[in-house]
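Top to bottom, those sequences are chains R and H. In this text, residue positions in the first sequence follow the working numbering: the first is 25, and each later residue adds one. In this text, residue positions in the second sequence follow the working numbering: the first is 383, and each later residue adds one. For each residue, glycine too, the CB sits at the ideal point set by N, CA and C. Structure, as structure tokens:
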Amino acid sequence: MIKPAIHKIYVVLAKQQNKTDFELLCRMLSGLFSYVNLTSNLYLVADSLPESMPRVERIQKDAGKFLKTNLFSRLYLHFVHSVSPETTKEIDYYLDYYYQPLKRAAGEFDREGLIHQEVPRLILLPVIAPDHRVASASLIGLFNAVKSMFMLPCLYLDKTTYFLSKDKDVPTRAEKIYFGNGHSREPAEIACNLFYQDLLDESLSNLASKTVSMSVPCPASLIVSAGDGQVYCCMDAFRKDESLTDIFGKSADELMEIYYKYNHSKRNCLRCRRQTAEFFTGLPVSETKKKHIGKLLSHFETSRGVSVR
Amino acid sequence: MNILLIEINPFAPKMTPISLGYIAAFLESKGFRTKILIVGQDTSLSRSGFHKLITDFQPALVGLTAYQRTMLYVKGFANLVKSIDNNIKVAIGGPQATFMPSHAFNELPDIDYICRSSGEITLLRVARAIKNRTPFSDLAGVSYKDDQGAVFDTPQIEGFTDLDDYPSPYLNDIFDYSCMNEAVMLTSRGCPYHCIYCYTPHAFNHKITFHSVDRVMEEIRWITQKGIKRLWFADPNISCKPTRLIEIFDRILTHGIEVKMWVQTRVDLVTPELMKKMKRAGVGVIAFGLESASDRVLTRLGKQINTEQVARAIRLAQNQCIDVELFTLFGLPYETFEDAVKTLEFVKKNNVKITGNSNSQQMQIYFGTHLAKHYTDYNIRPLNNKQPAYMSIGSQYETQWFGIDELQKIQSMWRANSLDGGKRIVS
């Protein structure tokens with residue numbers, strides 16, 4: 025029996041990181057790549073890109089090393105960060121000093137993809153969390169510039185920035201829009217909201233396919249809190265601070281042994297899915313999505329009725 | 383001796399790997415133990431998981447199905463297999479392998495055999511050679527690279543002319559029915575036609591071979607007893623022998639078997655009677671190859687049909703409330719941008735939903751096709767002269783009539799008209 029692969033890893037980067045601890049984190053992540061799915065997602069959630077750029081670059085480099093020697097692997101690297109570009113000059117600054125170097129470092133995968141007539145195996149997706157001062161025109165300018173570099177920009181909106189989704193040109197230019205329902209711009213909070221949105225999308229897809237039970241655990245994931253080195257098996261565990269283990273003095277093999285030993289069924293995955301759907305009912309998602317969420321909630325209600333009987 | 387067979391299609395949900403199923407059933411009937419690994423979009427598999435599979439199953443031979451799009455995966459899995467145990471032999475087969483040039487071995491360091499002929503018989507010879515510890519003797523239907531790196535091509539071998547001589551993967555329970563929503567059937571192989579862009583006629587020497595109606599019915603009964611109620615017929619032209627197909631449908635009706643079916647055929651191989659029968663028997667979707675709505679282009683493709691016939695076949699199906707899918711291509715030889723727009727308009731005008739297989743795609747120039755051998759005669763200009771020898775021209779070309787910008791433009795137009803974002807299932 026082949027054990028399930030990890031589909032998503034969320035790394036909540038610390039504002040400031042001890043160099044030794046960061047080395048341990050990198051070593052752990054490099055080891056974990058052997059346990060991720062053939063197509064997987066790595067989210068690096070930072071506060072500000074300028075502060076975390078060297079760490080993002082280093083993790084991207086390690087991911088690239090793994091992909092280079094494992095041609096069957098494909099990685100979507102989402103780097104999540106706040107931005108407040110208000111002028112063209114500021115947009116250019118972001119492009120020149122942050123996005124372009126990251127894109128350049130992924131260049132060999134673009135060339136490989138071209139030769140093999142396939143999409144590159146390393147896809148970079150900046151997830152931009154603008155602050156309330158950002159005008160939609162600036163954001164559109166940034167998205168256009170990012171797209172011209174063949175990166176797929178995504179957007180994270182919270183209560184202070186929902187207004188940006190009202191400009192119809194913003195949603196059409198973003199690959200995906202994530203929503204948070206508070207004001208907090210802490211990386212940990214943002215990571216939770218990204219996870220919930222992915223979980224909601226998975227629940228909706230399960231509902232559409234009608235073949236998967238809603239009580240199944242969420243797609244195999246790991247959440248790593250870089251600040252204190254704690255590792256969690258899902259966002260519910262992260263919220264409740266119920267860590268599996270930490271990254272100190274352990275190999276990825278040992279971590280994964282603990283992960284597989286941990287019985288997911290001890291968690292109330294059905295409740296988590298339902299709460300996630302409820303979480304999104306009040307958010308400014310599209311009308312179509314609202315309808316789908318309504319169907320999902322009614323499915324949960326019906327299931328609850330059945331289980332009570 | 384254990385043999386691991388791997389089907390890779392990470393761009394689509396898992397489908398029944400029918401060809402590998404046949405090979406597995408045949409090898410099992412000759413005393414080999416086989417396992418099939420399907421790597422689909424929804425497969426959960428890591429490097430570590432694959433490593434464990436190899437160390438637990440201990441195959442002496444790993445066979446990988448190769449397609450143009452999956453060559454990186456093929457190389458990656460082959461490399462991992464060899465890194466685990468260098469004694470394991472690795473073979474590739476399938477559409478990309480049949481006509482792949484032998485000098486491609488130079489860029490495929492971890493591949494030992496390229497299978498060229500009928501998969502079952504070719505791989506059996508390879509398996510027996512490995513079992514006898516003489517891995518490169520008495521082979522046929524393959525090219526191989528020996529331990530010193532020298533490359534050899536062996537003579538072709540013919541597959542069985544009566545497909546019933548191959549054991550059934552269904553009747554021999556090769557597949558796991560618990561996670562199967564739809565069974566893929568292959569009741570005939572090959573194609574006698576001469577479309578210049580197509581691989582199938584050349585791979586089967588323009589011949590077509592069949593299973594008997596008895597065997598097809600035995601499989602259908604078995605599959606439906608297992609709870610599978612959807613059949614997907616992979617036969618290139620299911621109605622090549624109309625009387626045979628009518629007999630299959632008659633028997634489905636007589637036995638009261640309730641199944642939903644997807645079939646594909648040529649527009650000149652359907653009649654009102656056949657279409658009525660199809661509907662009654664449970665065909666929900668029929669796919670036709672249109673390729674282009676320009677009769678001038680169709681003639682040059684050697685397709686031997688015209689747009690009037692296509693429109694008629696669509697009407698016949700729609701009159702019976704059978705959904706129609708149309709396979710179309712753009713970037714064809716002699717096709718102008720205006721011709722390509724005409725194709726899109728034809729699909730819309732005939733009320734064919736642009737979704738799934740009816741999403742258009744650029745023609746691919748695959749190894750072994752008439753076009754691959756004679757592309758210069760058709761004023762096709764490859765865009766990349768530095769591609770690895772294991773890759774064919776594929777979609778990296780432009781024609782005298784269709785530039786790269788126009789190719790992108792027509793693709794965008796199709797996407798804009800698509801109901802599902804433009805993802806085609808069958809390539």
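With respect to chain H, the C-beta atom of R/Leu181 has no partner C-beta closer than 8 Å. For R/Lys27, the C-beta contacts it makes with chain H under 7 Å involve Gly431, in order along the chain. Looking from the CA of R/Leu99, the closest CA among R/Met77, R/Asp116 and R/Ser58 belongs to R/Ser58. Runs of the alpha helix (DSSP H) lying entirely within the segment 517-576 of chain H, each at least 4 residues long, are absent. Classified as exposed, H/Pro395 has fewer than 16 neighbouring CB atoms from the shown chains inside 10 Å of its CB. Counting along the chain, no beta strand (DSSP E) covers H/Phe586, and no H or E run does either.
Nearest Cα to H/Tyr548 within the set H/Gly713, H/Ser411, H/Gln746 and H/Asn799: H/Ser411. Judged by DSSP secondary structure, R/Asn61 falls outside any alpha helix (DSSP H) and instead within the beta strand (DSSP E) spanning Val60 to Ser72. H/Val645 counts as buried, since at least 16 other C-beta atoms from the protein chains shown sit within 10 angstroms of its C-beta. Taking C-beta atoms under 8 Å as the contact rule, H/Leu698 and H/Met657 qualify, at a distance of about 5 Å.
Along the segment 94-110 of chain R, going in chain order, the ones with a CB nearer than 9 Å to a CB of chain H are Asn94, Leu95, Phe96, Ser97 and Arg98.
The beta carbon of R/Leu48 is closer than 8 Å to those of Gly253, Ile271 and Phe272 in its chain, skipping five residues each way along the sequence. Nearest CB-CB separation between H/Asn461 and chain R: below the 8 Å threshold. Rounded to the nearest whole angstrom, the C-alpha separation of H/His485 and H/Ala771 is 7 Å. Our two residues, R/Pro150 and R/Gly131, have alpha carbons roughly 16 Å apart in a direct line. Setting aside the 5 residues that flank it on each side, H/Ser621 is surrounded in the same chain by Leu627, Thr647, Leu651, Val652 and Leu656, each with a C-beta closer than 7 Å to its C-beta; the list follows chain order.
By the neighbour-count criterion, in which a residue is buried when 16 or more other Cβ atoms sit within 10 angstroms of its Cβ, R/Lys264 is exposed. Per DSSP, the continuous beta strand (DSSP E) segment holding H/Ile496 begins and ends at Tyr495 to Cys497.
The Cβ of H/Gly458 sits closer than 8 Å to at least one Cβ of chain R. Within the segment 144-166 of chain R, contact with chain H at the beta-carbon level (separation under 9 Å) is assigned to Arg145. Contact annotation, R/Ser245 with R/Met238: C-beta distance approximately 17 Å; criterion of less than 8 Å not satisfied.
Taking a Cβ-Cβ threshold of 7 Å, the residues of chain R close to H/Gly776 are Gln141, in chain order. Its chain contains Leu73, Pro74 and Met77 as the residues whose beta carbon lies nearer than 8 Å to that of R/Tyr122, once the 5 sequence neighbours on both sides are disregarded; these appear in chain order.
Residue burial is scored here from C-beta neighbours: H/Glu690 has fewer than 16 other C-beta atoms within 10 angstroms and is therefore classed as exposed. Residue contact with chain H for R/Tyr59: present (Cβ-Cβ distance below 8 Å to some residue of chain H). Assignment of H/Ala695 by DSSP, reduced to helix, strand and coil, places it in the helix class. The beta carbon of H/Arg763 does not come within 8 Å of any beta carbon belonging to chain R, so the residue lies off that interface. In this structure, H/Ile496 sits away from H/Tyr455, with a CB-CB distance that is not shorter than 8 Å.
The alpha helix (DSSP H) runs lying completely inside the segment 443-469 of chain H and spanning 4 residues or more are 453-466, given in chain order.
Taken through DSSP and simplified to helix, strand or coil, H/Phe670 comes out as strand.
Of all residues in the segment 38-67 of chain R, only Phe57, Ser58, Tyr59, Val60, Asn61, Leu62, Thr63 and Ser64 place a beta-carbon less than 9 Å from a beta-carbon of chain H.
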